[in-house]
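Asks:
Protein chains: 2
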Amino acid sequence: MTGTRVAVAGTFGPLHDGHRNLLGTALKYADEGLIVGLTSDAFARASRTREIPSFEDRRAALETAIADLDDWGREVEIRRLTTEHGIVTDEPDIDALVVSPETAPELAAINETRRERGFDPIEGIVAPYVLAADGERISSTRIVRGEIDEHGRIRE
Amino acid sequence: MTGTRVAVAGTFGPLHDGHRNLLGTALKYADEGLIVGLTSDAFARASRTREIPSFEDRRAALETAIADLDDWGREVEIRRLTTEHGIVTDEPDIDALVVSPETAPELAAINETRRERGFDPIEGIVAPYVLAADGERISSTRIVRGEIDEHGRIRE
Numbered sequence: 000m001t002g003t004r005v006a007v008a009g010t011f012g013p014l015h016d017g018h019r020n021l022l023g024t025a026l027k028y029a030d031e032g033l034i035v036g037l038t039s040d041a042f043a044r045a046s047r048t049r050e051i052p053s054f055e056d057r058r059a060a061l062e063t064a065i066a067d068l069d070d071w072g073r074e075v076e077i078r079r080l081t082t083e084h085g086i087v088t089d090e091p092d093i094d095a096l097v098v099s100p101e102t103a104p105e106l107a108a109i110n111e112t113r114r115e116r117g118f119d120p121i122e123g124i125v126a127p128y129v130l131a132a133d134g135e136r137i138s139s140t141r142i143v144r145g146e147i148d149e150h151g152r153i154r155e
Numbered sequence: 000m001t002g003t004r005v006a007v008a009g010t011f012g013p014l015h016d017g018h019r020n021l022l023g024t025a026l027k028y029a030d031e032g033l034i035v036g037l038t039s040d041a042f043a044r045a046s047r048t049r050e051i052p053s054f055e056d057r058r059a060a061l062e063t064a065i066a067d068l069d070d071w072g073r074e075v076e077i078r079r080l081t082t083e084h085g086i087v088t089d090e091p092d093i094d095a096l097v098v099s100p101e102t103a104p105e106l107a108a109i110n111e112t113r114r115e116r117g118f119d120p121i122e123g124i125v126a127p128y129v130l131a132a133d134g135e136r137i138s139s140t141r142i143v144r145g146e147i148d149e150h151g152r153i154r155e
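Protein sequences, first through last, are from chains B and Y.
Following numbering that gives the first Met the number 0, the numbering of the first sequence begins with 0 at its first residue and continues without gaps.
Following numbering that gives the first Met the number 0, the numbering of the second sequence begins with 0 at its first residue and continues without gaps.
1) Could one say the Cβ of Ile-124(Y) lies closer than 7 Å to chain B's Cβ atoms, at least one of them?
2) Looking at Val-75(B): is its Cβ nearer than 7 Å to the Cβ of Ile-86(B)?
3) Could you check the C-alpha separation between Asp-133(B) and Thr-81(Y) for me, to the nearest Å?
4) Using the Cα positions of Asp-119(Y) and His-15(B), report the straight-line distance between them to the nearest angstrom.
5) Could one say the Cβ of Ala-107(B) lies closer than 7 Å to chain Y's Cβ atoms, at least one of them?
6) Around the C-beta of Ile-124(B), are 16 or more other C-beta atoms found within 10 angstroms, so that it is buried, or is it exposed?
7) Please give me, in chain order, every unbroken run of the beta strand (DSSP E) with length at least 3 that falls completely inside the region 52-120 of chain Y.
8) With DSSP as the reference, label Ile-142(B) as helix, strand or coil.
9) CA-CA distance, Ala-25(B) and Ala-6(B)?
10) When you check each C-beta in the region 76-92 of chain Y against every C-beta of chain B, which residues fall closer than 8 Å?
11) Flag this pair as touching only if the region 89-103 of chain Y and the region 55-73 of chain Y have three or more C-beta atom pairs under 8 Å; answer yes or no.
12) For Asn-110(B) and chain Y, any beta-carbon pair shorter than 7 Å?
13) So if DSSP puts Leu-130(Y) in a beta bridge, which residue, or which two residues, is it bridged to?
14) Residues of chain B with a CB under 9 Å from the CB of Ile-65(Y): which are they?
15) Please list the partners that Thr-24(Y) has in chain B, where partner means a Cβ-to-Cβ separation under 8 Å.
16) Note down, in chain order, every chain Y residue with its Cβ under 7 Å from the Cβ of Ala-132(B).
17) In the DSSP assignment, find the beta strand (DSSP E) that holds Gly-32(B) and state where it starts and stops.
18) Label Thr-3(B) either buried or exposed according to how many other C-beta atoms from any shown protein chain fall within 10 Å of its C-beta, with 16 as the threshold for buried.
19) Below 8 Å on the Cβ atoms is my guess for Gly-9(B) versus Thr-48(B); work out the distance and round it to an integer in Å.
20) Nearest-angstrom Cα distance between Pro-13(Y) and Asp-92(Y)?
21) Compare the Cα-Cα distances from Gly-17(B) to each of Leu-61(B), Ala-29(B), Ile-34(B) and report the closest residue.
22) Would Pro-13(Y) count as contacting chain B if we go by Cβ distances under 7 Å?
23) Check each residue of the region 47-64 of chain Y: if its Cβ is closer than 8 Å to any Cβ of chain B, include it; give the result in chain order.
24) Thinking Glu-163(Y) and Val-143(Y) are a contact (beta carbons under 8 Å), I'd like their distance in whole angstroms, please.
25) What residue range is occupied by the uninterrupted beta strand (DSSP E) comprising Gly-23(Y)?
26) What residues match up with Thr-1(Y) in a beta bridge as DSSP calls it?
27) When we look at the beta-carbon of Ala-45(B) and count the other beta-carbons within 10 Å, is it buried (16 or more) or exposed?
28) List the endpoints of the continuous beta strand (DSSP E) containing Ile-124(Y).
29) The alpha helix (DSSP H) with Asp-40(B) in it runs from where to where?
30) Does the separation of the CB atoms of Thr-112(Y) and Thr-88(Y) fall below 7 Å?
31) In chain order, what residues of the same chain lie with their CB nearer than 8 Å to the CB of Ser-138(Y), ignoring the 5 residues before and after it?
32) Starting from the beta carbon of Thr-102(B), find every residue of chain Y whose beta carbon is closer than 7 Å, and list them in chain order.
Have a look at this one:
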């Protein structure tokens, strides 16, 4: 037991093996529970032009993936995330945030806000990228574009 | 048990509360052992103009700090680090590297080398900075300059 309460956040749609790796890492370390911040439709769509599956569809796919990946019987709570640093700057009792290499630089601002609010800073756990068959990373954008499938296989 | 074999690296001299936080984080997650890469004198001095305590002095202080911080009875091995990405790119059986926010960007290059060598990429665990009494971070450079002590207290 490391006594770690973990958070992870994202849009998770379409869900792919990069997300699964992020969730698997989060579950592995979350021996005191995992909070998954799932972006609201409004928040997810505000920064993107591509189509985003609905919150309920994304939540259902997320629940299936978590059930598949959870080898430890972790306590998992999915919450609606409506702002970039929501949940992790509002909850004192989080120890670590699992992030992709792309979002790791956000940790500094998150911890600055936490310190301002009198909360302890949190650790960041950076899960490595999962690469597609072409050696580029798997992303929902690439899947929506039709370049790869959710496992990173090239679509012709 | 998360089954995590952890590495951490640094010069650790003069040892301060930021190092202690890094080591405490590493120990917490290292349920399958911790490798501490301690820079050789030649490597530590190559990139710095300030005085660096000798390897043996740094190793002794490190061992004392680890004994103080190890609440879990972890298996710990201190090794001499002679190149920037040594140990973590040479050892297949490492799962995570504990880093400061400053060195977190190195993870991408480390994992690129690991993938080239056929090793699994590793997770990065980013321990937050520890702040001195003036709100700036604690660093060995600041201690050597006489600005703060090893606990971040201001020296007048």
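Even glycine gets a Cβ: it sits at the ideal position worked out from N, Cα and C.
Replies: On the basis of the supplied data:
1) In the second sequence, the residue the question calls residue 124(Y) occupies position 125. Yes, because at least one Cβ of chain B sits closer than 7 Å to the Cβ of Ile-124(Y).
2) What you label residue 75(B) is simply residue 76 of the first sequence in a count that begins at 1. What you label residue 86(B) is simply residue 87 of the first sequence in a count that begins at 1. No, the Cβ-Cβ distance between Val-75(B) and Ile-86(B) is not below 7 Å.
3) Here the question's residue 133(B) lines up with position 134 in the first sequence. Here the question's residue 81(Y) lines up with position 82 in the second sequence. Distance between the alpha carbons of Asp-133(B) and Thr-81(Y): 34 Å.
4) For this step, residue 119(Y) is matched to residue 120 along the second sequence. For this step, residue 15(B) is matched to residue 16 along the first sequence. Near 19 Å, if we compare the C-alpha coordinates of His-15(B) and Asp-119(Y).
5) Here residue 107(B) is taken as the residue at index 108 of the first sequence, counted from 1. Output row for Ala-107(B): interface = yes.
6) Position 125 of the first sequence, counting from 1, holds the residue named residue 124(B). Answer is buried; the Cβ neighbour count reaches 16.
7) Qualifying beta strand (DSSP E) stretches, in chain order: 75-80, 95-98.
8) Residue mapping note: residue 142(B) aligns to position 143 of the first sequence, counting from 1. Correct three-state label for Ile-142(B): helix.
9) Against the first sequence, residue 25(B) aligns to sequence position 26. Against the first sequence, residue 6(B) aligns to sequence position 7. So the two alpha carbons sit approximately 7 Å from each other.
10) none
11) Contact between the region 89-103 of chain Y and the region 55-73 of chain Y is absent, because fewer than three Cβ pairs lie under 8 Å.
12) Taking the first residue of the first sequence as position 1, residue 110(B) is located at position 111. So yes, Asn-110(B) belongs to the interface.
13) Mapped onto the second sequence, residue 130(Y) falls at position 131. For Leu-130(Y), which the question treats as bridged, DSSP gives the partners Arg-136(Y).
14) Residue 65(Y) sits at position 66 when you count from the first residue of the second sequence. Here the premise fails: no neighbours, minimum Cβ distance about 17 Å.
15) Your numbering for residue 24(Y) matches position 25 in the second sequence. By Cβ distance, chain B contributes Glu-122.
16) If you number the first sequence from 1, residue 132(B) lands on position 133. Within chain Y, no residue comes near Ala-132(B); the closest Cβ sits about 14 Å away, beyond 7 Å.
17) Residue 32(B) sits at position 33 when you count from the first residue of the first sequence. Premise fails: Gly-32(B) is in no beta strand (DSSP E) and is neither H nor E.
18) Sequence index remark: in the first sequence, residue 3(B) carries index 4 (1-based). Buried, by the Cβ-count rule.
19) What you label residue 9(B) is simply residue 10 of the first sequence in a count that begins at 1. What you label residue 48(B) is simply residue 49 of the first sequence in a count that begins at 1. Contact flag wrong, Cβ pair sits at about 18 Å.
20) Working through the second sequence from its first residue, we reach residue 13(Y) at position 14. Working through the second sequence from its first residue, we reach residue 92(Y) at position 93. Asp-92(Y) has its alpha-carbon roughly 30 Å from the corresponding atom of Pro-13(Y).
21) Position 18 of the first sequence holds residue 17(B). Nearest C-alpha to Gly-17(B): Leu-61(B).
22) Position 14 of the second sequence, counted from the start, is the residue given in the question as residue 13(Y). Output row for Pro-13(Y): interface = no.
23) none
24) With chain Y covering 0 to 155 only, the question about residue 163(Y) has no answer from this structure.
25) Along the second sequence, read from residue 1 onward, the residue named residue 23(Y) stands at position 24. Gly-23(Y) -> not in any beta strand (DSSP E); alpha helix (DSSP H) instead, spanning 16-28.
26) Working through the second sequence from its first residue, we reach residue 1(Y) at position 2. Answer by DSSP bridge pairing: none, since Thr-1(Y) is not bridged.
27) On the first sequence, position 46 is the one that residue 45(B) refers to. Label assigned to Ala-45(B): exposed.
28) Taking the first residue of the second sequence as position 1, residue 124(Y) is located at position 125. 122-125 is the extent of the beta strand (DSSP E) around Ile-124(Y).
29) Against the first sequence, residue 40(B) aligns to sequence position 41. Here the alpha helix (DSSP H) through Asp-40(B) covers 40-45.
30) Translated into positions along the second sequence, residue 112(Y) becomes position 113. Translated into positions along the second sequence, residue 88(Y) becomes position 89. Remark: C-beta atoms of Thr-112(Y) and Thr-88(Y) approach each other more closely than 7 Å.
31) Sequence index remark: in the second sequence, residue 138(Y) carries index 139 (1-based). Excluding positions up to five away in sequence, the list reads His-15, Gly-17.
32) As a first step, residue 102(B) is located in the first sequence; it is residue number 103 there, counting from the start. Residues of chain Y passing the Cβ test: none, with the nearest at roughly 11 Å.
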